[in-house]
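This report concerns only the one structure given below.
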Amino acid sequence: MNALQVQGITVTRGAGPVIRDVGFTLEPGRITALVGPNGAGKTSLLEAISGVVPAARGSVRIGSTEITKHSRVARAKLGLAHIEQGRAVFPGLTVLENLKLTARTWPRVEEVLALFPELDKRRNSPTALLSGGEQQMVVLARAFAARPKFLLIDEMSLGLAPVVFTRLLPMVTRFASEGAAILLVEQFTHLALGVSQDAIVVSSGRVTYQGSAQDLLAAPETLHSAYLGE
Amino acid sequence: MLQGALAGLAAGGLYAVLAVCLTLMSRLVRVVNFAQSATGMFGCYVAVWLSVHVGLPTWAATVVGIVLGGGLSALLGWIISTWLAEADIGTRSAVTVAVLLLLISLSFILFGNKPQPFHPILDGPAFSVNGVVVSQVTVVTVVLSVVIALGCRALLTKTSFGLELRALSERPTTAELMGIPAKPLAVAVWAATGLLSTLVISIVAPSQSNDATSLSMLVVPASAAALLGGFRRLDLAVVGGLVLGMAQGAVAQVDSLSVVRYFLPFLVIVGLLLWSQRKEVWDVAR
Chain A
1 MNALQVQGIT VTRGAGPVIR DVGFTLEPGR ITALVGPNGA GKTSLLEAIS GVVPAARGSV
61 RIGSTEITKH SRVARAKLGL AHIEQGRAVF PGLTVLENLK LTARTWPRVE EVLALFPELD
121 KRRNSPTALL SGGEQQMVVL ARAFAARPKF LLIDEMSLGL APVVFTRLLP MVTRFASEGA
181 AILLVEQFTH LALGVSQDAI VVSSGRVTYQ GSAQDLLAAP ETLHSAYLGE
Chain B
1001 MLQGALAGLA AGGLYAVLAV CLTLMSRLVR VVNFAQSATG MFGCYVAVWL SVHVGLPTWA
1061 ATVVGIVLGG GLSALLGWII STWLAEADIG TRSAVTVAVL LLLISLSFIL FGNKPQPFHP
1121 ILDGPAFSVN GVVVSQVTVV TVVLSVVIAL GCRALLTKTS FGLELRALSE RPTTAELMGI
1181 PAKPLAVAVW AATGLLSTLV ISIVAPSQSN DATSLSMLVV PASAAALLGG FRRLDLAVVG
1241 GLVLGMAQGA VAQVDSLSVV RYFLPFLVIV GLLLWSQRKE VWDVAR
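As given, the protein sequences belong to chains A and B, one line each in that order.
Last residue of the first sequence? That's 230 in this note's numbering, and every number before it is there in order.
Last residue of the second sequence? That's 1286 in this note's numbering, and every number before it is there in order.
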């Protein structure tokens, strides 16, 4: 399977760049934790990769295909999925309808629902009526149903109790074990690093650490200085 | 009174179809399309011109007009989807006001400011109720409004195309990130509502005031009907359109009140807006 390569990406919002000259590669079957302080530019980086915002400079490639100028739809068709910050459910649609949007076949819907028994029980409920944790499960399940090759996850834990978040993390690991490359942006740094093989720390729009997630987890001082951009 | 009410049903069916179109536009592509009936008017005027000056048979000219109405609407949808994709509903709707004025002006320039010599597509009575004749136009427009509303509801709830449209209307960016093509779907909605508006206007225009301004301003009673359903519910939009048409027809029968029929849509709009704000007023009072 191809890798997703980000090379020299710069993203500008308003007056100046919020991401400067960032590059990394997402390999199939591996989880990469992208961590950093608030306002470091993590969300902007994900949005530039998926095409929500344009990149001012640099390139994004899937294998040998340059996708920097591709539309969001074209990127999605190449296997790139982006779970946005917050609970990006379609509130007027039921759980089943949310899943049908990405699962091309009925067996795939059932397969995904089997992974989330909580959702299976409420399959015909409008997602607006679900709890925050259940809504985030819908978003995750919907992404899984599409079988993307590359999955960008932005702050999945936002607004959720840690216990709910820890229930969702094994699903991310499972999905990576099926061959997907995952970029995980997370405020619960230690939990994210705990399930990741690779780590990137960004601070003020620049990469301050790039390497093994376990090394970073084992050396808190490195993590601390990377957060401070040292 | 009954005769007036039944006579008003043809206009009511027209309002209902236009209200369904407005509701679909508001729900699915986040626009209150003030040019909804103006695109229909322009398509119909071109059809009349083709029929009178080029000698095209009425049916062929009407088909060309309907396709043109749909095409104009699709072009406007393409422009808005391309350059105002991220704009709010107010900005997107404001553009349609400009198009409304543009189409009225263009029709004055191209076709003059007099009513056009429409050839009726449907003519004659369908049946009588207590001696009151119900025309074919009335039957067709009422049936058309109900069929279109039911068809749209089925499309939105039973098909994958409808599911994608509903997703797009709720979270456009998220839908695009999932590979749902926003622009082609939005343009399809614009085109379909343009086709329907032109079709229904071409049926009813020969029996109504059919100058450019009157036809373009049909968007006002249609908006009143759509407002009854909160620009969300197709069934209430149809009911609103039919009831408004009947009420206008009934009022027209009373000499002392006949002039009120022109203001009725405005009164309905004001009344519904005040009614929709009652909760906020109550909350503030508490």
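Ideal Cβ placement from N, Cα and C applies to all residues, glycine included.
Just so we're clear, the structure is a prediction, and the values are computed from it rather than from any experiment.
When the beta-carbon positions are compared, A:L93 and B:A1167 come within less than 8 Å of each other. B:G1070 carries a helical assignment under DSSP once its states are collapsed to helix, strand and coil. DSSP, reduced to helix, strand and coil, places A:D21 within a strand of the structure shown.
Pairing B:R1027 with B:R1232, the inter-Cα distance amounts to about 6 Å. Residue contact check for B:M1178 against chain A: a CB pair falls below 8 Å. Ranked by how close their Cα comes to the Cα of B:V1204, the residues B:L1006, B:A1011, B:A1005 have B:A1011 in first place. For the options B:P1172, B:M1041, B:C1021, the alpha carbon positioned closest to that of B:N1033 is the one of B:C1021.
DSSP places B:D1211 in no beta strand (DSSP E); its state is neither H nor E.
Each of A:G14, A:R13, A:P37 was checked against the Cα of A:S203, and the nearest Cα belongs to A:P37. With a threshold of 8 Å between beta carbons, A:L93 makes contact with chain B.
Taking a beta-carbon distance threshold of 8 Å, B:P1125 does not count as an interface residue toward chain A. For B:G1249, the secondary structure class from DSSP, reduced to helix, strand or coil, is helix. Judged by DSSP secondary structure, A:A56 falls outside any beta strand (DSSP E); it is assigned neither H nor E. The beta carbon of B:R1153 is closer than 7 Å to those of L1234 in its chain, skipping five residues each way along the sequence. Here A:L78 has I62 as same chain residues with Cβ atoms under 6 Å from its own Cβ, once five neighbours each way along the sequence are excluded. Each residue's CA atom was taken as its position, placing B:A1060 and A:I19 some 59 Å apart. Under DSSP, A:F150 takes part in a beta bridge, and its partners are A:L80, A:A181. From the beta-carbon of B:T1159, no residue of chain A is found nearer than 9 Å; the closest lies around 11 Å away. Straight-line spacing of the CA atoms in A:Q135 and B:D1088 works out to 26 Å.
Contact between A:M137 and A:F165 fails: their C-beta atoms lie close to 11 Å from each other, not under 8 Å. Close to chain B, meaning a Cβ-Cβ distance shorter than 9 Å, are the following residues of the stretch 95-107 of chain A: E97, N98, K100, L101, T102.
Interface flag for B:A1188 against chain A is unset, since no Cβ pair is found closer than 8 Å. Excluding five sequence positions before and after A:T12, the CB atoms of its chain that fall closer than 6 Å to its own CB belong to A56, given in chain order. Per DSSP, the continuous beta strand (DSSP E) segment holding A:G211 begins and ends at 206-212. Between A:A33 and A:L184 a beta carbon distance of about 5 Å is seen, short of the 8 Å cut, so the two are scored as contacting. Each of A:I83, A:V53, A:E84 was checked against the Cα of A:H70, and the nearest Cα belongs to A:V53.
Counted as a single uninterrupted DSSP element, the beta strand (DSSP E) harbouring A:V35 occupies residues 31-35.
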